[in-house]
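First the structure, in the form of structure tokens, and then the observations on it.
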Amino acid sequence: MDTKTPPIPLKVQEKPKPKQQESVADVSLPPLTPYRNHRQRQKTPGTQWSRDVPSAIRYQDHQKKRPYRVLQIGATPLMHACQQGDRARVLRLLKEQEETIGYRDRTLRSALHYCMDAGTGGAVAAAAPELVNAPDAEGHTPLHLAVIAGDTQLVAVLLANGADVNAKDLEGHSVLHWATGNFSLPL
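Here it is as structure tokens:
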């Protein structure tokens, strides 16, 4: 007797049916309507303006508060060169792209916030002294960041260029607070 498994019967192959062309219906969407904000406040009688400020006025106020350009994404070549500590490139960019010195990134950091050494920091601080005490979105000045990084030479350069030692960040921490928490800096 044969102990082999019985053969599997073959299925009858079905012939593929020819594809029928599907009819495509012309679908048109309704016109776009402006989204109504359910929180809109109505003008109260007797007042000239409602509480909601028109966006054009908000934009103008925003420009008054920030006289510098804020980049929504990325950084300038000057910021990158400062971060890399490339002093020769920083000096070249300070001459070639003078208008970008005051630009800020989306966290409101300037090129001086990105400086990683005293050479680049001194060059940027001399070219744009208004950036020495400029806070970022967290309230940190370049001096705060230099102290946090433990760079004593950059701290000395910033102090020589008029950095405010009493500046506080948004949490109320002064430069001295950060210096005492950073054990790599001599007091």
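According to full-length UniProt numbering, the sequence shown is numbered sequentially starting from 1.
Built from N, CA and C at the ideal position, the CB exists for glycine as well.
Bear in mind that the values here come from a model prediction, so they are computed numbers and not experimental data.
- With respect to the 8 Å criterion, A167 and T141 are classified as neighbours on the basis of their beta carbons.
- T107 is positioned such that its CB atom lies closer than 8 Å to that of D136.
- With respect to the 8 Å criterion, A123 and V90 are classified as neighbours on the basis of their beta carbons.
- Between Y114 and Q83, the CB-CB gap stays under 8 Å.
- Residue pairing by DSSP places R104 opposite V70 in a beta bridge.
- The distance from the Cβ of V132 to that of L158 is about 6 Å, consistent with a contact at the 8 Å cut-off.
- Measuring C-alpha to C-alpha distances from Y103 to each of H144, W178, L170, A128 identifies A128 as the nearest.
- Taking each of V165, G119, T120, I73 in turn and checking the Cα distance to A134, the smallest one comes out for V165.
- Across the structure, H173 and T180 are spaced so that their CA atoms are roughly 11 Å apart.
- If you check the CB distance, A146 and D105 do not come in under 8 Å.
- Inter-residue distance for R87 and E171 is about 33 Å (C-alpha atoms, whole angstroms).
- In this structure, V175 is the residue among V175, G139, E130 with its C-alpha nearest to the C-alpha of I148.
- A Cβ-Cβ contact shorter than 8 Å links T120 with G85.
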